[in-house]
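To keep things clear, I will list the structure first and then write my remarks on it.
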Amino acid sequence: MFAASSLLAILFLALTVSANPIVIRDSPVKLPLARRLNLTSVHNLVRHDLARAKHLRARAEALSKGVSPHVLSSDATIDESADNQAVDYIASVGVGSPATTYELIIDTGSSNTWIGAGKSYTPTSTSSETSDSVTVSYGSGIFTGIEYIDEITIAPGLVIPRQSIGVASSSIGFSGTDGILG
1 MFAASSLLAI LFLALTVSAN PIVIRDSPVK LPLARRLNLT SVHNLVRHDL ARAKHLRARA
61 EALSKGVSPH VLSSDATIDE SADNQAVDYI ASVGVGSPAT TYELIIDTGS SNTWIGAGKS
121 YTPTSTSSET SDSVTVSYGS GIFTGIEYID EITIAPGLVI PRQSIGVASS SIGFSGTDGI
181 LG
C-alpha cells in the first residue's frame, strides 16, 4: 500500500509541475517592433467587412425565423479570412556580416524569409548563393528570386548563422517594406 500511495503522490507532483509552464519575464533578447498602418489594402478591408456583414445579417434573419443555426444555407456561410490587414508589424533585421538592416514584415503564417522588395541585397563574406529559384505568392502580392544562405541578426544576442533567405529579383505588393520575416 505504501508503494502505491508513494507512486501516486510522485505522479501527481510530476503532472502538476508539467502543467505549469515556466515563464521568463526578463528575456535577455528584446525584439523592437514597429506597427505600421497598411493603407494599400483598404479595398480588401471593405470587401472583408461587407462579407462579414452579409453573414451576420443572414444568420440573424434565419434565427429570427426560427431556423436552427446548424442548417443555415450557404448564403449565411462566411468564406473570408479573419485576419488583420490594416496593421503590419515590422522588425529591423540584419542580414550578412557586416549586417545590412532591412525592415521586414513579421508574418507568422509564412515559413519564408526574404528581402529585396525595397532595399537591394548586398552579399557579404557570410553570403552563399544556392542557385535555387524561389517564388512565393501571398494574398497581398508575390515575390520571385534566388535562395541564399546568410547570417541573420534578429536582435543583439540572437544571430542565426546559416539561414535560408530569398533574395527578390521582383516583387509586387510590398511597397514601403524590404520583405518578409517568416
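Position one of the sequence shown corresponds to residue 1 (our numbering), numbered consecutively onward.
Cβ coordinates follow ideal geometry from the N, Cα and C atoms, glycine included.
A quick note: this is a predicted structure, and the numbers were derived from the prediction, not measured.
Nearest-angstrom Cα separation, counted from residue j out to residue i
| i | j | result |
| --- | --- | --- |
| Ser111 | Ala62 | 41 angstroms |
| Ser164 | Arg59 | 46 angstroms |
| Ile146 | Arg57 | 47 angstroms |
| Ser127 | Thr113 | 15 angstroms |
| Ile10 | Arg25 | 29 angstroms |
| Lys119 | Val159 | 21 angstroms |
| Ile90 | Ala53 | 30 angstroms |
| Leu104 | Leu50 | 30 angstroms |
| Ile180 | Glu129 | 19 angstroms |
Boundaries of the beta strand (DSSP E) in which residue i is found, first to last residue
| i | result |
| --- | --- |
| Ala155 | 142-155 |
| Gly96 | Unbroken run through Gly96: none, as it is neither H nor E. |
| Pro123 | Careful: Pro123 lies outside any beta strand (DSSP E) and carries neither H nor E. |
| Arg162 | 158-172 |
| Ser128 | 128-137 |
Sheet register partners of residue i (DSSP bridge)
| i | result |
| --- | --- |
| Gly260 | This structure cannot speak to residue 260, because the chain is shown only from 1 to 182. |
| Ile10 | Answer is none; Ile10 lacks a bridge partner. |
| Ser181 | The displayed chain sequence assigns Leu, not Ser, to residue 181. Per DSSP, Ile106. |
Cβ-heavy atom distance, residue i to the ligand COA, below 6 angstroms
| i | result |
| --- | --- |
| Glu61 | With respect to the ligand COA, the structure offers nothing, as it holds no ligand at all. |
Stretch-stretch touch, CB-based, cutoff 8 angstroms, three pairs: the region 133-152 with the region 91-104 = yes
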